[in-house]
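Under the numbering used here, the first residue of the sequence shown is numbered 142, with each subsequent residue one higher.
Where a beta carbon is used, it is the ideal one built from N, C-alpha and C, also for glycine.
These notes concern the structure reproduced below.
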Amino acid sequence: MSGKFTSPRGTIPGFRYRNAPAAIEFLKKAFGFEENAVYPGESEGEIAHAQLTLGQAMIMLGSGKGGEFDKLRVDPKDAGGVTSSVYIVVENIDELYENAKAAGAEIVMEICDQDYGSRDFSARDPEGYVWSFGMYDPWAQG
Numbered sequence: 142m143s144g145k146f147t148s149p150r151g152t153i154p155g156f157r158y159r160n161a162p163a164a165i166e167f168l169k170k171a172f173g174f175e176e177n178a179v180y181p182g183e184s185e186g187e188i189a190h191a192q193l194t195l196g197q198a199m200i201m202l203g204s205g206k207g208g209e210f211d212k213l214r215v216d217p218k219d220a221g222g223v224t225s226s227v228y229i230v231v232e233n234i235d236e237l238y239e240n241a242k243a244a245g246a247e248i249v250m251e252i253c254d255q256d257y258g259s260r261d262f263s264a265r266d267p268e269g270y271v272w273s274f275g276m277y278d279p280w281a282q283g
């Protein structure tokens, strides 16, 4: 083993939702995500696994079912706040901000210009996860 590990595709954040079908619809409506794959679970209204994309960004989500993995995590509302958040690079930040507001997303940080060149905002989804969107791309060259 060389001791050097690489990721061929980058990071894909994963989420568990109490109401995954509603979360998928909210994420599509408010933030413009598109369904890449959605696999229903065994029970009515359960999502075993879903992949949503926004440009080149991808997230995965599913229904929290109380299994071993779910015992390791706490929902943001149960924790009394967020324990992590996601930042997604977008080009059309002002349009996305207006779309998120119109879809009823709770804006927790208003859109603003940052001194390091970004323009961004943060919003909370109905189950308490915080989503940050901005123009700052740390991977951009130059």
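| Span of the alpha helix (DSSP H) around A161 | 161–172
| request: Mark W272 as exposed unless 16 or more other C-beta atoms lie within 10 angstroms of its C-beta, in which case mark it buried. | output: buried
| task | Answer yes or no: do I188 and G182 have a C-beta to C-beta separation smaller than 8 Å? | result | yes
| task | In angstroms with no decimal places, state the Cα-to-Cα distance between M250 and F274. | result | Roughly 10 Å separates the two Cα atoms.
| task | Grab me the residues of G203's own chain with a C-beta within less than 7 Å of its C-beta, minus the 5 sequence neighbours each way, in chain order. | result | R157, A161, I188, A189, H190, A191
| said: Using the Cβ count rule (16 or more neighbours within 10 Å means buried), how would you classify G173? | reply: buried
| request: Within the segment 187–270, note down every full alpha helix (DSSP H) run reaching 4 residues or more, in order along the chain. | output: 217–220, 234–243
| task | Report all residues from its chain with a CB closer than 8 Å to the CB of D235; omit the five preceding and five following residues, and keep chain order. | result | I252, R260
| field | 8 Å Cβ cutoff met for A264 and A241 | value | yes
| message | My assumption, with CB atoms under 8 Å, is that M201 sits in contact with G155. Please give the rounded CB distance. | response | 5 Å
| request: Identify, in the order they occur along the chain, each residue of the same chain with its Cβ nearer than 6 Å to the Cβ of M142, setting aside the five sequence neighbours on each side. | output: Any reading at M142 needs caution, since the residue's pLDDT is 46, under 50, leaving its predicted position unreliable; the model's value is listed next. So no residue of the chain qualifies.
| query | So, is I248 buried or exposed, given that buried needs 16 or more other C-beta atoms within 10 angstroms? | reply | exposed
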